[in-house]
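K.L.:
Residue numbers (my numbering), protein chains in the order written: chain A, 288 to 545; chain B, 507 to 767.
Glycine is no exception: its CB is placed at the ideal position from the N, C-alpha and C atoms.
#1: Assuming residue 526/B and residue 699/B are in contact, meaning their beta carbons sit under 8 angstroms apart, how far apart are those beta carbons, in whole angstroms?
#2: Whose CA, out of 321/A, 404/A, 301/A, lies closest to the CA of residue 310/A?
#3: For residue 499/A, name the three-state secondary structure that DSSP assigns.
#4: For residue 686/B, which of helix, strand or coil comes out of DSSP?
#5: Using the beta-carbon count (16 or more within 10 Å), is residue 672/B buried or exposed?
#6: If you draw a straight line from the alpha carbon of residue 552/B to that of residue 749/B, how long is it in whole angstroms?
#7: Kindly list the residues whose CB is nearer than 6 angstroms to the CB of residue 498/A, restricted to its own chain and excluding five residues on each side of it in sequence; keep chain order.
#8: Which runs of the alpha helix (DSSP H) fall wholly inside the stretch 610–695 of chain B and span at least 4 residues, in chain order?
#9: Output yes or no for whether 8 angstroms exceeds the beta carbon distance between residue 383/A and residue 615/B.
#10: Sorted by chain position, which residues of the same chain lie with C-beta nearer than 6 angstroms to residue 462/A's C-beta, five sequence neighbours on each side aside?
#11: Closer than 8 angstroms by C-beta to residue 491/A: which residues in its own chain qualify, once you throw out the five before and the five after it? Chain order, please.
#12: Any beta carbon from chain B within less than 8 angstroms of residue 530/A's own beta carbon?
#13: Kindly say whether residue 534/B, judged by its beta-carbon, lies nearer than 8 angstroms to any beta-carbon of chain C.
#14: Can you tell me whether residue 567/B is helix, strand or coil according to DSSP?
#15: Less than 8 angstroms between CB atoms is the rule here; does residue 442/A satisfy it with respect to chain B?
#16: Shortest alpha-carbon distance to residue 580/B belongs to which of 719/B, 643/B, 715/B?
#17: Kindly list, in the order they appear in chain B, the residues whose Cβ is closer than 7 angstroms to that of residue 378/A.
#18: Determine, using beta carbons only, whether residue 485/A comes closer than 8 angstroms to chain B.
#19: Among residues of its own chain, excluding the 5 on either side of residue 341/A, which ones have a beta-carbon nearer than 7 angstroms to its beta-carbon?
#20: Would you verify that the beta carbon of residue 414/A is, or is not, closer than 8 angstroms to some beta carbon of chain B?
#21: Just tell me which of 548/B, 583/B, 742/B, 712/B has its CA closest to the CA of residue 385/A.
#22: In chain order, what residues of the same chain lie with their CB nearer than 7 angstroms to the CB of residue 539/A, ignoring the 5 residues before and after it?
#23: Closer than 7 angstroms by beta-carbon distance: list the chain B residues that pair up with residue 392/A, in chain order.
#24: For a contact meaning CB atoms closer than 9 angstroms, what does residue 401/A contact in chain B?
#25: Chain A partners of residue 625/B, CB-CB under 7 angstroms?
#26: Given that a residue counts as buried once 16 or more other Cβ atoms are within 10 Å of its Cβ, and exposed if not, what is residue 550/B?
#27: Taking the straight line between their C-alpha atoms, what separation do you get for residue 299/A and residue 600/B?
#28: Once DSSP output is grouped into helix, strand and coil, what is the label at residue 562/B?
#29: With distance defined between alpha-carbon atoms, name the residue in 735/B, 695/B, 538/B, 685/B nearest to residue 755/B.
#30: So which residues on chain A does residue 582/B lean against when the C-beta distance must stay under 9 angstroms?
#31: Given this structure, state the Cα-to-Cα distance separating residue 519/A from residue 565/B, to the nearest angstrom.
#32: Counting only beta-carbon atoms, is residue 298/A nearer than 8 angstroms to chain B?
#33: Tell me whether residue 516/A sits in a helix, a strand or coil according to DSSP, three-state version.
#34: State yes or no: is the C-beta of residue 359/A within less than 8 angstroms of the C-beta of residue 536/A?
#35: Along the chain, which unbroken stretches of the alpha helix (DSSP H) at least 4 residues long are found entirely within the stretch 530–562 of chain B?
Now the structure itself:
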């Protein structure tokens with residue numbers, strides 16, 4: 288404990304002094320709209336107490352989890368098939384590689400055309416964003432399965448389906464989990480982008496969520512302190528989602544080091 | 507190239523062409539079936555839009571603007587993140603000082619900065635450049651620090667024993683040894699900044715591919731929307747390939763990094 292004490296103290300120097308400089312600089316500004324650390328804290332309390340911030344975060348998280356679940360349901364079976372069958376991989380890989388470089392947010396205008404500015408458009412963006420990391424890591428994991436194990440199962444007359452279930456999936460699981468973790472992070476970034484853009488293009492008449500909340504604070508009620516609160520919330524949720532999946536990985540697959 | 511390698515290449519090209527042809531045929535059939543050119547134009551209409559946009563040079567203008575912004579932001583991000591990363595990787599105390607701040611800011615995605623940055627910079631060139639620089643900075647920094655950490659201590663110690671000055675150790679020992687990791691970091695930086703620029707241009711820039719996609723969406727000109735979406739994909743792929751071939755040219759001894767992003 289003594290050894291990490293000074294390190295923590297050293298690490299706190301820079302953030303604390305930056306906050307102090309920000310506060311001092313802000314108080315010297317005549318404009319009352321300038322965001323200040325103290326005002327940000329006040330705004331955070333107010334937004335949490337009124338329930339607006341938790342509601343917006345929950346709404347965005349709901350979309351993220353729904354889109355993420357769809358992506359996982361599509362990507363894991365496809366990735367397993369591509370990783371285990373050369374024929375499937377050869378034939379499907381061109382499609383995956385052609386669409387992968389297209390940033391998810393670039394699809395948003397098309398999604399708005401197809402689904403309007405509601406939840407389905409946001410879901411499509413999240414699914415698209417999360418799909419590629421999951422499928423690529425599942426392919427990599429399915430390929431890395433020790434061939435001796437697969438051969439042993441085949442020698443013992445285990446059916447293909449049972450081999451998949453009892454040999455391949457467990458061996459590929461660590462890699463699949465890495466894909467899920469990356470996919471969830473990308474999905475969260477994508478939902479914020481999608482909600483922001485929907486807010487910007489739908490004139491505030493969109494569908495809520497933290498991204499849109501930020502856009503309303505920017506465009507309509509010009510409350511910079513509240514924008515900063517939202518930014519911090521976006522970062523916190525990203526951090527928590529990552530930690531959650533890492534903890535889940537350690538709990539479910541204690542033999543891997545991730 | 508041997509003839510068997512050529513044949514294998516031709517075969518894989520054939521498979522590629524077959525898959526994409528199937529995709530285009532399916533697209534055509536669905537477009538015909540829905541019969542709504544605003545929702546889903548046929549592949550032919552999309553191709554027409556590409557040709558027309560290319561002929562009027564509009565496609566190239568927007569692409570050049572976005573690419574230019576990316577190059578500028580990458581240069582800024584790399585010239586900040588690489589020296590800092592080298593220093594943090596070599597100096598434990600500096601690392602302890604700066605790392606917590608980095609870890610506090612890193613989870614806040616570049617995209618989340620857009621509203622505040624819009625307020626500060628307004629709509630224009632500065633906004634996408636700021637967002638992209640921010641987005642590219644963290645992957646490059648983190649990758650550089652990790653790369654420096656993997657440098658064999660014995661090489662550094664050997665150089666030090668022989669009285670090589672510190673600056674020369676960094677330039678001649680640490681940088682070459684960390685170069686593969688550095689280029690991987692750069693590649694990640696390019697990918698994240700390209701995603702961020704599309705979002706930034708879509709919301710707050712008067713030009714660029716992200717802006718063009720949204721502009722034609724507003725006009726309900728779906729073939730043009732698709733043309734620009736494809737452009738975003740092609741440019742993303744091209745920049746990634748460029749960095750990959752740079753990696754190959756500069757660090758031929760390093761294994762091609764696995765495709766897992």
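P.N.:
Considering the structure as presented:
#1: The pair is not a contact, with the Cβ atoms about 28 angstroms apart (cut-off 8 angstroms).
#2: For residue 310/A, the closest C-alpha among the options 321/A, 404/A, 301/A is that of 321/A.
#3: Here residue 499/A carries a helix assignment [DSSP, helix/strand/coil].
#4: Helix, per DSSP.
#5: With fewer than 16 other Cβ atoms within 10 Å, it is exposed.
#6: Cα-Cα distance, rounded: 29 angstroms.
#7: The answer, listed in chain order, is 479, 482, 483.
#8: Those alpha helix (DSSP H) runs which fall completely within the stretch 610–695 of chain B and span 4+ residues are 620–627, 632–655, 659–667, 672–675.
#9: No, the Cβ-Cβ distance between residue 383/A and residue 615/B is not below 8 angstroms.
#10: The residues are 424, 427, 428.
#11: Confidence at residue 491/A is low in this model, with a pLDDT of 49, below 50, so the placement of that residue is unreliable and no value is reported for it.
#12: Not one chain B Cβ lies under 8 angstroms of residue 530/A.
#13: Chain labels in this structure do not include chain C; the protein chains are A and B.
#14: The three-state reading of DSSP puts residue 567/B in helix, counting H, G and I together.
#15: No - not a single Cβ of chain B is within 8 angstroms of the one on residue 442/A.
#16: Closest option to residue 580/B, Cα to Cα, is 643/B.
#17: Per Cβ cutoff of 7 angstroms: 521, 525.
#18: At a cut-off of 8 angstroms between beta carbons, residue 485/A makes no contact with chain B.
#19: Scanning its chain for C-beta atoms nearer than 7 angstroms, with the 5 sequence neighbours on each side dropped, one finds around residue 341/A the residues 335, in chain order.
#20: Not one chain B Cβ lies under 8 angstroms of residue 414/A.
#21: Checking every option, the nearest Cα to that of residue 385/A belongs to 742/B.
#22: There are no such residues.
#23: By Cβ distance, chain B contributes 701, 704, 705, 708.
#24: The contacting residues are 545, 546.
#25: Neighbours of residue 625/B on chain A, chain order: 505, 511.
#26: Result: exposed.
#27: About 12 angstroms.
#28: Here residue 562/B sits in coil by DSSP.
#29: It is 685/B whose Cα lies nearest to the Cα of residue 755/B.
#30: Result: empty, since nearest Cβ-Cβ is about 20 angstroms, beyond 9 angstroms.
#31: Distance between the alpha carbons of residue 519/A and residue 565/B: 37 angstroms.
#32: Closer than 8 angstroms: yes.
#33: DSSP places residue 516/A in the helix class (H, G or I) of the three-state scheme.
#34: In this structure, the beta-carbon distance from residue 359/A to residue 536/A does not fall below 8 angstroms.
#35: Whole alpha helix (DSSP H) segments, 4+ residues: 549–561.
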